[in-house]
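Worksheet for the structure shown next.
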Amino acid sequence: MEQRYLPYTEGDYVVPPFSLTVNGQVLPSPGGRVRVGPALPAPDVGAAPPGTGVGSLDQLLGKPKPKYFYEPPDDASLVLEADRDRVFVGQGVRVSLYFYLRPADQALLNFYDFNNQLTELLRQLRQPTTWEVPVADPSVLPDSVRRANGQVYLRFRLAAGTYYPLTPQSLLFPALSLTLTKFKLLKKPQPGENERLAMYKTYVAPALRVAVRPLPAPGGAIVGDYVLHEGISSTRFRTGEAFTYTFGVEGSGNAAALVPPTLHPRSGLEVYGPDIRDNTLPDGRIQKSFRYRLVTQRPGALALDSLLQLPFFNPRTARYDTLRPQLKLVIGGGERLPATARPVDDPFYGPAMLRADTQLQPLGVYKQVGRYAALLVVLLLAVAVVGWWRAG
């Protein structure tokens with residue numbers, strides 16, 4: 000099996016890998032890369048031996064002449080889009096690089112050297128004054144969108160990321176360019192002739208600017224649109240017993256900048272933690288929880304809003320706000336250990352207690368008993384010595 004390729008222009012061409020199945024056995028081919036240089040001079044026809052065919056295929060059939068091809072119009076475009084044109088310091092702005100293409104133009108355009116071009120595009124999209132959260136991979140499969148002119152387009156997401164400005168300096172994204180392969184079509188198609196002629200076309204996305212506003216005084220707070228979700232491990236609380244409290248934050252913002260809430264310690268209460276967990280929802284919002292372990296030593300009311308608070312700046316309302324717990328706990332006293340034997344129920348101690356002498360005894364009575372016992376031991380020892388002496 001032989002496949003012939005006839006290049007029309009100079010450059011590097013990639014033969015993609017493929018595989019064939021022969022008698023149930025798969026035979027793979029790694030493909031390859033072919034470099035096409037300038038055409039060699041035609042051989043001297045007079046020097047050829049008699050009866051030998053001379054000349055190249057171009058001499059026999061003629062080279063494809065660009066004048067016989069025409070470039071069909073296309074409505075493709077490279078666009079750099081931002082979901083906001085103005086943000087506060089610390090507020091995220093999502094910037095995406097899209098390539099729009101009409102479905103009817105798919106046969107005319109092809110991506111060219113995409114990986115190398117994408118690396119350069121990502122480098123130009125970097126912003127040194129931001130915290131960047133990039134999208135993992137570009138979208139290989141396009142989605143269908145309807146643009147402002149009412150027509151349906153295929154949209155390829157080439158790059159995307161969320162930028163959180165760290166300074167009031169505006170974000171300036173340069174103009175970006177992407178080169179694609181475009182095919183010219185033969186004006187008068189003929190059977191057996193190649194009807195397409197490859198060429199290169201470059202699409203340019205205009206530069207983009209996103210203004211950044213400083214936070215109003217006093218500043219220095221985390222930025223985001225957050226709500227609080229609370230959780231607790233029990234419904235009954237006693238002194239000396241540990242329980243867990245979860246301070247959960249959900250909303251739009253920079254998860255890396257979301258710090259634990261401010262803790263206001265108080266006497267008689269031990270606080271351990273927090274244990275931090277975070278998650279990103281499919282819609283791009285974040286969830287971050289701070290789990291604490293608490294042990295209280297004093298009974299009574301415990302208002303958690305006096306213990307934990309998280310101040311933040313809400314860019315949607317352009318105001319400062321604070322997340323405060325709403326739970327108010329009531330701490331009971333510790334449980335008393337049950338008595339193993341009660342005097343009124345015991346058949347022995349009940350009568351014995353009734354017969355007991357109620358007269359108070361002096362505190363030194365135990366010392367006197369000790370002295371009497373020691374004297375008794377000395378007397379017994381003396382009697383034993385005398386008996387042993389008489390027996391001898």
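So in numbering that gives the first Met the number 0, spot 285 of the sequence shown is number 284, and the numbers just go up one at a time.
No residue lacks a Cβ here, since even glycine has one placed at the ideal position from N, Cα and C.
Query: Beta-carbon gap between A210 and D84 smaller than 8 Å; Result: yes
Query: Closest Cα partner of M198 within the set V92, T178 and V377; Result: T178
Query: Helix, strand or coil at T201 according to DSSP, with G and I counted as helix; Result: strand
Query: Residue closest to S28, alpha-carbon to alpha-carbon, out of S143, T20 and R34; Result: T20
Query: Contact test: V94 Cβ vs the ligand MG heavy atom, cutoff 7 Å; Result: Absence of the ligand MG from the depicted structure is noted, as is the absence of any ligand whatsoever, leaving it without description.
Query: Run of the alpha helix (DSSP H) containing Q123, from where it starts to where it stops; Result: F113 to L124
Query: Assigned exposure category for S95 - 16 Cβ within 10 Å defines buried; Result: buried
Query: Which of helix, strand or coil DSSP assigns to Q286; Result: strand
Query: Neighbour-count burial assignment, P72, 16 or more Cβ in a 10 Å radius; Result: exposed
Query: Reduced DSSP category for K186 - H, G, I as helix; E, B as strand; rest coil; Result: coil
Query: Host beta strand (DSSP E) of E9 (start-end); Result: First-last for E9: undefined, no H or E at that position.
Query: Whole-angstrom C-beta distance between G247 and Q296, which should lie under 8 Å; Result: That belief does not hold up - the Cβ atoms of Q296 and G247 are roughly 27 Å apart, past 8 Å.
Query: Residue closest to F326, alpha-carbon to alpha-carbon, out of T243, P273 and T8; Result: The residue you asked about is not Phe; residue 326 is Leu in the sequence shown. Taking only the C-alpha atoms, the option nearest L326 is T243.
Query: Cross-strand partners of E269 (DSSP beta bridge); Result: V294
Query: Three-state secondary structure assigned by DSSP to D74; Result: coil
Query: Residue of F17, F312 and G219 minimising C-alpha distance to L26; Result: F17
Query: Contacts around V385, its chain only, beta-carbon distance under 8 Å, and the 5 residues preceding and following it disregarded; Result: none
Query: Exposure of V258, with buried meaning 16 or more beta-carbon neighbours within 10 Å; Result: exposed
Query: Under 8 Å between C-beta atoms of V92 and Y162; Result: yes
Query: Residue nearest to D82 in terms of C-alpha spacing, selected from W388, V376, V377 and L207; Result: L207
Query: Neighbourhood of L120 by C-beta, 8 Å cutoff - its chain only, sequence neighbours within 5 removed; Result: L96, L157, A158, L175 and L177
Query: Contacts around D224, its chain only, beta-carbon distance under 6 Å, and the 5 residues preceding and following it disregarded; Result: G250, S251, N313 and R315
Query: Secondary structure of L374, DSSP reduced to three states; Result: helix
Query: Cβ-Cβ distance between Y67 and K200 below 8 Å; Result: no
Query: C-alpha distance - D104 paired with Q150, whole-angstrom precision; Result: 13 Å
Query: Chain-order list of residues whose beta-carbon lies under 6 Å from that of R389 (same chain, five-residue window excluded); Result: none
Query: Close Cβ partners of L309 (< 6 Å) along its chain, the five nearest in sequence each way excluded; Result: P260 and L322
Query: Nearest to L79 (by Cα), restricted to the options N115, R146 and L124; Result: L124
Query: Residue environment, T129, which counts as buried when at least 16 other CB atoms sit within 10 Å; Result: buried
Query: Buried or exposed by the 16-neighbour rule on C-beta atoms within 10 Å, applied to A398; Result: The structure shown has nothing for residue 398, since the chain only spans 0 to 391.
Query: L393 versus Q90 - alpha carbon distance; Result: Residue 393 is absent from the structure shown; the chain starts at 0 and stops at 391.
Query: Alpha carbon of P264 to alpha carbon of F172, nearest angstrom; Result: 47 Å
Query: Of the residues L293, L375 and V377, the one placed nearest L307, counting alpha carbons only; Result: L293
Query: Element boundaries [beta strand (DSSP E), containing S143]; Result: D142 to R145
Query: Cα-Cα separation between V132 and I330, rounded to whole angstroms; Result: 44 Å
Query: Other residues of its chain near G267: CB distance less than 8 Å, five sequence neighbours each side excluded; Result: T295, Q296 and R297
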